[in-house]
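Engineer:
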Amino acid sequence: MQIALYRAMSPSRRCELAVQMSEDARQIALAGIRARHPEYDATTARFALFRILVGDDLFRRAWPDAPLIDP
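With the working numbering applied, the sequence shown has no gaps in its numbers, which climb one by one up to 72 at the end.
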């Protein structure tokens with residue numbers, strides 16, 4: 002049934018929904034990081050999220066001086 006609903010949506014609505022679900026997933030991941038590491042400030046928590054999202058290699062290239070924060 003859910004697949005039929007997605008198929009009935011316009012392409013722009015499907016795109017909007019995908020963007021919203023992606024943002025929701027990021028917020029859930031960030032909440033998990035904060036729950037596991039209450040000592041992290043906002044910047045540290047975001048670095049941990051970026052490490053999850055892009056992986057260690059790209060994280061190191063983007064932020065060479067940043068520590069590898071445990072997510």
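Glycine included, C-beta positions come from ideal geometry on N, C-alpha and C.
The structure displayed is predicted, hence computed values, not measured ones.
Over the uninterrupted alpha helix (DSSP H) stretch that includes Glu23, give me the two end residues.
Structural biologist: Looking up residue 23 in the sequence shown gives position 22. First, the residue type needs correcting, since residue 23 is Ser and not Glu in the sequence shown. 12–37 is the span of the alpha helix (DSSP H), which, as asked, contains Ser23.
Engineer: Does Arg14 pass the burial test, meaning 16 or more other C-beta atoms within 10 Å, or should it be called exposed?
Structural biologist: Taking the sequence shown and counting its residues from 1, the one referred to as residue 14 is at position 13. It is exposed - the Cβ of Arg14 has fewer than 16 other Cβ atoms within 10 Å.
Engineer: DSSP on Ile4, reduced to helix/strand/coil?
Structural biologist: Along the sequence shown, one-based indexing puts residue 4 at 3. Helix at Ile4.
Engineer: Pull up the distance between the alpha-carbon of Pro12 and that of Ala30, whole angstroms please.
Structural biologist: Sequence index remark: in the sequence shown, residue 12 carries index 11 (1-based). Sequence index remark: in the sequence shown, residue 30 carries index 29 (1-based). Each residue's alpha carbon lies about 27 Å from the other.
Engineer: Answer with buried or exposed for Leu50, where buried requires no fewer than 16 other C-beta atoms within 10 angstroms of its C-beta.
Structural biologist: Reading the sequence shown from its first residue, position 49 is the one you call residue 50. Flag for Leu50 reads buried.
Engineer: For a quick check, are the C-beta atoms of Ile34 and Ala26 less than 7 Å apart?
Structural biologist: The sequence position of residue 34 within the sequence shown is 33, counting from 1. The sequence position of residue 26 within the sequence shown is 25, counting from 1. No, they are not a contact pair.
Engineer: According to DSSP, simplified to helix, strand and coil, what is Ala9?
Structural biologist: Within the sequence shown, numbered from 1, the residue matching residue 9 stands at position 8. Ala9 falls in the helix class under three-state DSSP.
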